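Working notes, structure below.
Residue numbers (this note's numbering): 100 to 1040.
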């Protein structure tokens, strides 16, 4: 589907794109290696990576990998996710979700393809929030050929479908502009500029104020029809319809314009409209036609209110949903009505009150008001299933009468057919179904199809054999025994029978009663008591049981309070308690280096006793009463995170038993941990380190996060600790005990001022180039060069940060270059040290080469820098997809995220990403930011 939508020849957006698919085995490590492959073999500035993937955890390795790809010139598009949630949170949040949470890839949400007038609606499932850059259609059609078919198609929906659409649009934009060297940020800016603003509705959401309202567009703003380009009409037209405009009016200039395209007064005869070749009117006639249209559809000009009676709401909703009114609404909102012209010249009282907000309000009432009734009615109809006689219990399996007397299914069947409810059902099926208030309401909205629910074959069989089966029940079952057994069963279930709530019932008492009601044992009793208490079900025809008489009323009452319409504070308690249950330590424990073998063995023993396998864990979570009472979307994140923890713990526990496959999985988890700290690992032979490499290594060495890693590496790589402890692998850990640590400590700290000052000068030199075209996000460009200097703290051997953070592209070339130095400041950072120096620097290289490199850079709000290089190259599009990965997050610590140094020994161009961080940072978007980034663009001259 992804490839088909992005670049397929039938349904693809960019039909001439080159498509490359990268295989993976749905693990985090495999996904990282897939991205590595693209990084090594893809073509920068010509490759679009489409990732319909996500996982509920922050992984530094993924964060760094996205940065590497973006810095090299790759464009990345990812789906927002399908949990109807806002996951645009800080990486330390318990609700962080990738890949949207990294705020680096272009994030795509989904909208419904149905047009509501001239607006779209966010798909109910789509995630949202300020990290979502753009929305695209979420429902797609694509070729479906599992058996080699060349004609079958299928439909899917989700943000995974919207993502490749945007990827295809990006590819087409790159193809149309080969003179522009697009990168991720420039493409994000381009999509935002081209997007259609404020045309997406976000119904039933309270926290969408910061969600960008942008619908993807390729910049054309018009629908392209391959066979109808530049439609003309009139005498001089050469179209295939004798010059006739099939839809719309033929203007004086021979242009065919439909009402949707706002022809204005061009359709007026007095303005030269050619009536023999299309629709034409006059100002007076358009007003008259509009008045007639409004009069014919006057019944549709309604405003539905919840203050009306149920019957009135149903009547108005039926009118609102009628085909006649829906066509009228669509014509008005899409400007296909003559009133779209006439309203420019006259006001129409009732018509002017018609707007999309009112339409949408009516639609929501008619759609949502009766949802609960639909559910209740469905339950009521299904309750008659036990009235059908599906077996006569007279074959060879039921020859033993004594066994049949105690057969619960036989007793339940006998109790059902003898019940007053089923007797009324046999007499008049439709009347009995519609006796339920909810079914009566539903039937008024749309008539209930009895035959759809109850096949005539089963109904006729039941009526035919009723007397025979009823007699069989009387001959076999002793009613006195069943009455005695019923009293015993009621005693067993006495805790399940609740009192009706009243005005004095507190919230705590309601919550307690709801948990009793939703307890699996009691819940089954309320909804299937005839199956759980077959003796009572049968005995009810002979004796009155008060507890059972009140059961239907209690069930309806507590379903309303606990499930359908709980007060907000009570629902919040359900969600909180369910989340706590899902995070049960017995199954989702975290391994830490200080854990002894005995402690881990005990946890694993409990893990196996609790049957914590991923499949069982996800199935059994609903056994919690709190989880039973909420929607799964309220705990999607916790379920996914718990599943990862459960799977990883299974690998740990099974590896202790010697399972080779699980030992390999533990090693894979270790590899993933090491990937996140690879730039802190400086186990390089020092004699092979050149000056540039040394500078870069020192930047990494002095980085706050790496210093924390050196202090206690296994805190950040616990699975590696476990693997080494159990001799699964041997790893040379770079920490304070490592001999090379002392070397870097001596070199980097003794030369700290020189190294950092030199680097800062280079940063400032490049900043002047960038600030030529950049637009600062928070402060104006300074004409005096500002060099950011980092001061060493001798007691902690860590860097302090400066007052201002500079995001820039750094270029080191082997040509003669003289640059004027400027710095564009994009953030204000609060820190413990404030050191800013101002100086002018002249940078000159040694190699005489007359090569000029021109760069344009755009600075975004997130202090990310995008670079556009003007070249005459042909853009080649590559769309890569990955599947959903399953893994768990490494242990999170509140250390500052940084970007390390990558060096190339055999070239004189160096890519350096330098980050100094503070613990308290205030960004322009009220999110906690911990990065100060100076990036370097590789140029080979």
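We put the beta carbon where it would ideally sit given N, CA and C, even for glycine.
Given the structure is predicted, the values throughout are model-derived calculations rather than measurements.
Under the DSSP definition of a beta bridge, which residues are partnered with residue i?
i, result
"residue 254", "240"
"residue 233", "207"
"residue 313", "296"
"residue 154", "197"
"residue 380", "367"
"residue 220", "300"
"residue 227", "185"
"residue 431", "Looking at the DSSP assignment, residue 431 forms no beta bridge with any residue, so it has no partner."
"residue 331", "354"
Comparing C-alpha positions only, which one of the options sits nearest to residue i?
i, options, result
"residue 230", "201, 241 and 249", "201"
"residue 381", "357, 437 and 332", "437"
"residue 105", "152, 214, 271 and 364", "271"
"residue 624", "167, 610, 673 and 647", "647"
"residue 823", "792, 768 and 836", "768"
"residue 163", "800, 775, 532 and 687", "775"
"residue 225", "631, 385, 193 and 299", "299"
"residue 597", "653, 706 and 674", "653"
"residue 619", "584, 575 and 728", "728"
Could you please give the first and the last residue of the uninterrupted alpha helix (DSSP H) stretch that includes residue i?
i, result
"residue 178", "That residue, residue 178, is in no alpha helix (DSSP H); its beta strand (DSSP E) goes 174-178."
"residue 441", "438-441"
"residue 570", "555-575"
"residue 742", "735-755"
"residue 130", "127-140"
"residue 514", "507-517"
"residue 839", "838-849"
"residue 688", "It is not in any alpha helix (DSSP H) - residue 688 carries neither H nor E in the DSSP assignment."
"residue 407", "That residue, residue 407, is in no alpha helix (DSSP H); it is neither H nor E in DSSP."
"residue 460", "455-467"
"residue 373", "Note, residue 373: premise wrong, no alpha helix (DSSP H); not H, not E."
"residue 796", "790-801"
"residue 543", "536-544"
"residue 627", "619-631"
"residue 280", "Looking at the DSSP string, residue 280 is not in any alpha helix (DSSP H), and its letter there is neither H nor E."
"residue 161", "159-171"
Tell me the DSSP secondary structure of residue i in three-state form.
i, result
"residue 775", "helix"
"residue 56", "Residue 56 falls outside the range modelled here, since the chain spans only 100 to 1040, and no answer is possible."
"residue 116", "coil"
"residue 188", "coil"
"residue 706", "helix"
"residue 603", "coil"
"residue 348", "strand"
"residue 674", "helix"
"residue 449", "helix"
"residue 356", "strand"
"residue 640", "coil"
"residue 104", "helix"
"residue 695", "coil"
"residue 586", "helix"
"residue 470", "helix"
"residue 812", "helix"
"residue 592", "coil"
"residue 267", "helix"
Mind reading off the beta-carbon distance from residue i to residue j? Whole number of angstroms is fine, and I expect it under 8 Å.
i, j, result
"residue 95", "residue 221", "Residue 95 cannot be examined here, being either before or after the span of the chain that is shown, 100 to 1040."
"residue 182", "residue 736", "7 Å"
"residue 821", "residue 765", "6 Å"
"residue 120", "residue 260", "Wrong, their Cβ atoms sit about 17 Å apart, outside the cutoff."
"residue 266", "residue 176", "5 Å"
"residue 692", "residue 813", "4 Å"
"residue 150", "residue 223", "Contact doesn't hold; Cβ gap of about 23 Å is too wide."
"residue 531", "residue 435", "Actually they do not touch by this definition, with Cβ atoms about 47 Å apart."
"residue 455", "residue 544", "With a Cβ gap of about 23 Å, residue 455 and residue 544 do not count as contacting."
"residue 635", "residue 571", "That belief does not hold up - the Cβ atoms of residue 635 and residue 571 are roughly 21 Å apart, past 8 Å."
Would you kindly report the start and end of the unbroken beta strand (DSSP E) that includes residue i?
i, result
"residue 149", "147-150"
With hydrogens ignored, establish whether the beta-carbon of residue i is closer than 6 Å to any heavy atom of the ligand SAH.
i, result
"residue 647", "Among the components of this structure there are no ligands whatsoever, and the ligand SAH is therefore not found."
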